[in-house]
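Q: Taking the working numbering, the leading residue of the sequence shown gets 2, the next gets one more, and so forth.
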Amino acid sequence: MRRPRIRTARTPARLAGADPGPGFEITFDGRPVRALPGQSIAAALWAASVLTWRTTRGNGRPRGAFCGIGSCFDCLATINGRPNRRACLVPAGPGDAVTTQEGDGHAGTAR
Numbered sequence: 002m003r004r005p006r007i008r009t010a011r012t013p014a015r016l017a018g019a020d021p022g023p024g025f026e027i028t029f030d031g032r033p034v035r036a037l038p039g040q041s042i043a044a045a046l047w048a049a050s051v052l053t054w055r056t057t058r059g060n061g062r063p064r065g066a067f068c069g070i071g072s073c074f075d076c077l078a079t080i081n082g083r084p085n086r087r088a089c090l091v092p093a094g095p096g097d098a099v100t101t102q103e104g105d106g107h108a109g110t111a112r
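1. Could you give the uninterrupted runs of the alpha helix (DSSP H) lying entirely in the region 14-86, keeping only those of 4 residues or more?
2. Three-state secondary structure (DSSP) at Pro92?
3. Please determine, among Asp105, Gln40, Pro95, the residue with the shortest C-alpha to C-alpha distance to Asn60.
4. Report the option in Arg11, Gly24, Thr9 whose CA atom is closest to the CA atom of Gln40.
5. Quick one: using the 10 Å Cβ neighbour count with 16 as the cut-off for buried, is Phe1 buried or exposed?
6. Start and end of the beta strand (DSSP E) containing Thr100?
7. Roughly how many angstroms separate the alpha carbons of Val51 and Asp20, rounded to a whole number?
8. If Thr79 sits next to Pro63, beta carbons under 8 Å apart, how far is it from one beta carbon to the other, in whole angstroms?
9. When burial is assigned at 16 or more other CB atoms within 10 Å of the CB, is Leu90 buried or exposed?
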């Protein structure tokens, strides 16, 4: 009797032979999110099923990553208290705090 073959998950990391190392935690609006070394903030949020982390200035429409390569500015987020950071370009680091950015990110602050 033949045993069925066990199939391993076909993930991008496995297909590329990547071994990113142990994960760590960041937070998004106070909630814990797992991230991997080398992963961008946007990628970590996507992996946690978070698709939006900013609202537009004019009418508060939700935005997240659009191009994913830093050409547009849809993925702006407040990261560690600094607004207007492109989440697709900022590598995630242990303990990073990401918060939803409303409008231009300067609401309630003096410029």
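Where is the CB? At the ideal position from N, CA and C, for every residue including glycine.
Since we're looking at a predicted model, the values are computed, not measured.
A: If we stick to the structure as given:
1. 42-48
2. strand
3. Asp105
4. Gly24
5. Nothing in the structure corresponds to residue 1, since the chain is present only between 2 and 112.
6. 98-100
7. 24 Å
8. No, Thr79 and Pro63 are not in contact; Cβ-Cβ is about 15 Å, not under 8 Å.
9. exposed
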